[in-house]
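Numbering (my numbering), first residue to last: 1192 to 1611.
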């Protein structure tokens, strides 16, 4: 018999579940009536804000000054922004002067491609990039669509970097834009190989590093990239703030998306989001301190989740190159079972059919289709993404919930349509 504490009894419903949290927190209530406690597996959409970032941002909201003002409150705000810029630079192993603050990675990607692309030169990317890159690439090449080149992608999700030699054969200049880690599969791109090919062709190289920052070590000098985009909320900072790294000395014209002020050395007009930037700096510092240990722990949790799911549902398939991916991401196909139905059947597990940025889209994941999955399989795929706050208890709970939900949906489909 389990004795339930009075505070628990008030929050339990007939659908609630008590889970023993092996991390030391004791018993947790899952699936509260108000839906406030779920097992969260959507870090690639947004990570829970770190306590350090929340405290720093809340404190910063009490600052009065505009960071561009010359008076004391303005100078105080500017100083705090400078500290955050240094913290983010430490995470990227770059100079603070190479950081341009933006509203997030989408703006940073747009700004990077707008600055780097010149008509008549190739803009090389891949069909598995985030829409913020793909759509901007199509936008800047709208008058010269022949300049846009999409590299082939294998069934394992790896971009064919050998094709870069053929793209640049007899050509000089251009820009290569490849994501460091795919947001749906977690598959990593060997940016050093891409950078070498770009350098030999006199081309610039940009990477959408949104998913890798704060999850694996990043050294922009080692990667040899000219431009790098990131968002704070992917590594535990606030939403609505990000940055673009611009290598000092990179031959880039100033082509700002936003005009009307001289902020960020002319790259990005507008009053700085002081609270968001300070929160991002605090998240960057917290992520940097425990980066290697956290990556190892999260990878072990992901492997445990996959082991449990494959054991319970042997016909499920894991997508992407398993030995070259982010530690906390797994993309799993449950053949013949619509992903949206599975997610609806387990409201106490927060996962995703694909990129949250494309939620509501009438077509399945462009990433999975580019990897060769059928539309039916793409529609039957769920992405689980873990992070710094994921617990052992959540892994166990999610595995049980997925097994139960998939089985429930399959039974319902059989009853509705008969056995396949």
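Backbone N, C-alpha and C define an ideal beta-carbon position, used for all residues, glycine too.
Review point. Which whole-angstrom value describes the C-beta separation of residue 1417 and residue 1441, a residue pair presumed to lie in contact below a C-beta threshold of 8 Å?
Key: As a position in the chain shown, residue 1417 is number 226, starting the count at 1. As a position in the chain shown, residue 1441 is number 250, starting the count at 1. Sure, about 4 Å apart at Cβ, within 8 Å.
Check your understanding: Would residue 1253 be called buried (16 or more neighbouring beta carbons within 10 Å of its own) or exposed?
Key -> Numbered from its first residue, the chain shown carries residue 1253 at position 62. Burial call: exposed.
**Study point:** C-alpha distance - residue 1284 paired with residue 1474, whole-angstrom precision
**Key:** Within the chain shown, numbered from 1, the residue matching residue 1284 stands at position 93. Within the chain shown, numbered from 1, the residue matching residue 1474 stands at position 283. Going by the C-alpha atoms only, they are around 16 Å apart.
Exercise for review: Could you check how far apart the C-beta atoms of residue 1572 and residue 1523 are, in whole angstroms? I think they sit under 8 Å.
Suggested key: Start at 1 with the first residue of the chain shown, and residue 1572 comes out as number 381. Start at 1 with the first residue of the chain shown, and residue 1523 comes out as number 332. About 7 Å separates the two Cβ atoms, so the contact holds.
Practice item. Could you tell me the boundaries of the beta strand (DSSP E) in which residue 1291 lies? Key: On the chain shown, residue 1291 is found 100 positions in, with the first residue counted as 1. From DSSP, the beta strand (DSSP E) with residue 1291 extends over 1290-1293.
Practice item. Determine the extent of the alpha helix (DSSP H) in which residue 1510 is found, giving its start and end residues. Key: Start at 1 with the first residue of the chain shown, and residue 1510 comes out as number 319. That residue, residue 1510, is in no alpha helix (DSSP H); its beta strand (DSSP E) goes 1508-1510.
Review point. Can residue 1232 and residue 1541 be called in contact, C-beta distance under 8 Å?
Key: Counting from 1 along the chain shown, the entry for residue 1232 is found at position 41. Counting from 1 along the chain shown, the entry for residue 1541 is found at position 350. Using a Cβ distance threshold of 8 Å, residue 1232 and residue 1541 count as a contacting pair.
Point to revise | Whole-Å CB distance - residue 1432 paired with residue 1292, under 8 Å assumed | key: Counting from 1 along the chain shown, the entry for residue 1432 is found at position 241. Counting from 1 along the chain shown, the entry for residue 1292 is found at position 101. The pair is a contact, with the Cβ atoms about 7 Å apart (cut-off 8 Å).
Practice item. For residue 1395, name the three-state secondary structure that DSSP assigns. Key: For this step, residue 1395 is matched to residue 204 along the chain shown. For residue 1395, the secondary structure class from DSSP, reduced to helix, strand or coil, is strand.
Check your understanding: Under the rule that 16 or more other beta-carbon atoms within 10 Å means buried, what is residue 1555, buried or exposed?
Key -> As a position in the chain shown, residue 1555 is number 364, starting the count at 1. Buried, because 16 or more other Cβ atoms sit within 10 Å of the Cβ of residue 1555.
Practice item. Assign residue 1313 to one of two classes, buried (16 or more other C-beta atoms within 10 Å of its C-beta) or exposed (fewer than that). Key: In the chain shown, residue 1313 corresponds to position 122, counting from 1. The residue in question, residue 1313, is buried, as its Cβ has 16 or more Cβ neighbours within 10 Å.
Point to revise | 7 Å CB neighbourhood of residue 1578 in its chain, flanking five on each side removed | key: Your numbering for residue 1578 matches position 387 in the chain shown. Counting only Cβ-Cβ distances below 7 Å, and skipping sequence neighbours, we find 1234, 1238, 1489, 1519.
Exercise for review: With DSSP collapsed to three states, give me the class of residue 1229.
Suggested key: Along the chain shown, read from residue 1 onward, the residue named residue 1229 stands at position 38. Residue state, collapsed to three classes: coil.
Check your understanding: Rounded to a whole number of angstroms, what is the C-alpha to C-alpha distance between residue 1268 and residue 1316?
Key -> Within the chain shown, the letter at position 77 stands for residue 1268. Within the chain shown, the letter at position 125 stands for residue 1316. Near 38 Å, if we compare the C-alpha coordinates of residue 1316 and residue 1268.
Point to revise | Rounded C-alpha distance that separates residue 1212 from residue 1404 | key: Locating residue 1212 in the chain shown gives position 21, where the first residue counts as 1. Locating residue 1404 in the chain shown gives position 213, where the first residue counts as 1. Because the pLDDT of residue 1212 is 46, which lies under 50, any placement of that residue in the model is unreliable, and the number read from its coordinates should be weighed accordingly. Taking the straight line joining both Cα atoms gives about 28 Å.
Practice item. Less than 8 Å between the CB atoms is what I'm expecting for residue 1481 and residue 1377, so what's the real figure, rounded? Key: Numbered from its first residue, the chain shown carries residue 1481 at position 290. Numbered from its first residue, the chain shown carries residue 1377 at position 186. 20 Å between Cβ atoms; not a contact.
Review point. Whose C-alpha, out of 1229, 1259, 1565, is nearest the C-alpha of residue 1462?
Key: Mapped onto the chain shown, residue 1462 falls at position 271. For the residues 1229, 1259, 1565, the minimum Cα distance to residue 1462 belongs to 1259.
**Study point:** Residue range of the alpha helix (DSSP H) that includes residue 1560
**Key:** Residue numbering aside, residue 1560 sits at position 369 when the chain shown is read from its first letter. Its alpha helix (DSSP H) spans residues 1557-1561.
Exercise for review: Can you give me the Cβ contacts of residue 1476 inside the same chain, cut-off strictly under 6 Å, excluding the 5 residues immediately before and after it?
Suggested key: The residue labelled residue 1476 in the question sits at position 285 within the chain shown. Counting only Cβ-Cβ distances below 6 Å, and skipping sequence neighbours, we find 1278.
Check your understanding: Start and end of the alpha helix (DSSP H) containing residue 1371?
Key -> Numbered from its first residue, the chain shown carries residue 1371 at position 180. Premise fails: residue 1371 is in no alpha helix (DSSP H) and is neither H nor E.
Point to revise | Bounding residues of the beta strand (DSSP E) (the contiguous stretch that carries residue 1420) | key: In the chain shown, residue 1420 corresponds to position 229, counting from 1. 1418-1422 is the extent of the beta strand (DSSP E) around residue 1420.
Check your understanding: Does the segment 1386-1399 come close enough to the segment 1354-1365 that 3 or more CB-CB pairs lie under 8 Å?
Key -> yes
Review point. Considering only the beta carbon of each residue, do residue 1323 and residue 1296 sit closer than 8 Å?
Key: By one-based count along the chain shown, residue 1323 stands at place 132. By one-based count along the chain shown, residue 1296 stands at place 105. Result yes, Cβ atoms of residue 1323 and residue 1296 sit closer than 8 Å.
Exercise for review: Decide if residue 1195 is buried, meaning its Cβ has at least 16 other Cβ atoms within 10 Å, or exposed.
Suggested key: Numbered from 1 along the chain shown, position 4 holds the residue referred to as residue 1195. Residue placement at residue 1195 is poorly supported in this model, since its pLDDT is 40, which falls under 50; the coordinates still yield a value, given next. It is exposed - the Cβ of residue 1195 has fewer than 16 other Cβ atoms within 10 Å.
Point to revise | Backbone CA spacing between residue 1422 and residue 1340 [nearest angstrom] | key: On the chain shown, position 231 is the one that residue 1422 refers to. On the chain shown, position 149 is the one that residue 1340 refers to. Spanning the alpha carbons of residue 1422 and residue 1340 requires a straight line of approximately 26 Å.
**Study point:** Coarse secondary structure for residue 1459, derived from DSSP in three states
**Key:** Sequence index remark: in the chain shown, residue 1459 carries index 268 (1-based). Coil.
Practice item. Pull up the distance between the alpha-carbon of residue 1493 and that of residue 1470, whole angstroms please. Key: Numbered from 1 along the chain shown, position 302 holds the residue referred to as residue 1493. Numbered from 1 along the chain shown, position 279 holds the residue referred to as residue 1470. Rounded to whole angstroms, the gap between the alpha carbons of residue 1493 and residue 1470 is 28 Å.
Exercise for review: Please state if the CB of residue 1592 and the CB of residue 1318 are separated by a distance shorter than 8 Å.
Suggested key: Within the chain shown, residue 1318 is the residue found at index 127, counting from 1. Within the chain shown, residue 1592 is the residue found at index 401, counting from 1. Against a cut-off of 8 Å, the Cβ pair of residue 1592 and residue 1318 comes out as no contact.
Exercise for review: Give the single residue among 1529, 1557, 1576, 1349 whose Cα lies nearest to the Cα of residue 1600.
Suggested key: To locate residue 1600, count along the chain shown from 1; it is residue 409. Comparing Cα positions, the closest option is 1529.
Exercise for review: Tell me where the alpha helix (DSSP H) around residue 1242 begins and ends.
Suggested key: Translated into the one-based positions of the chain shown, residue 1242 becomes position 51. Start and end: 1242-1251.
Check your understanding: Just curious, the beta strand (DSSP E) that residue 1521 is in, first and last residue?
Key -> Residue mapping note: residue 1521 aligns to position 330 of the chain shown, counting from 1. That run of the beta strand (DSSP E) goes 1520-1524.
Review point. Short check: CB of residue 1558 to CB of residue 1375, under 8 Å?
Key: One-based indexing of the chain shown puts residue 1558 at position 367. One-based indexing of the chain shown puts residue 1375 at position 184. Yes, the Cβ-Cβ distance between residue 1558 and residue 1375 is below 8 Å.
Review point. Cβ of residue 1320 within 8 Å of Cβ of residue 1381?
Key: Your numbering for residue 1320 matches position 129 in the chain shown. Your numbering for residue 1381 matches position 190 in the chain shown. Not a contact, by the Cβ cut-off of 8 Å.
Practice item. Establish whether the CB of residue 1293 and some CB of chain B are separated by less than 8 Å. Key: The structure shown contains no chain B; it holds only a single protein chain.
Review point. Going by beta carbon distance, what residues of the same chain come within less than 7 Å of residue 1536, once the five residues before and after it are set aside?
Key: In the chain shown, residue 1536 corresponds to position 345, counting from 1. The residues are 1596, 1599, 1600.
Review point. Rounded to a whole number of angstroms, what is the C-alpha to C-alpha distance between residue 1583 and residue 1288?
Key: Position 392 of the chain shown, counted from the first residue, corresponds to residue 1583. Position 97 of the chain shown, counted from the first residue, corresponds to residue 1288. CA-to-CA, the gap between residue 1583 and residue 1288 works out to about 40 Å.
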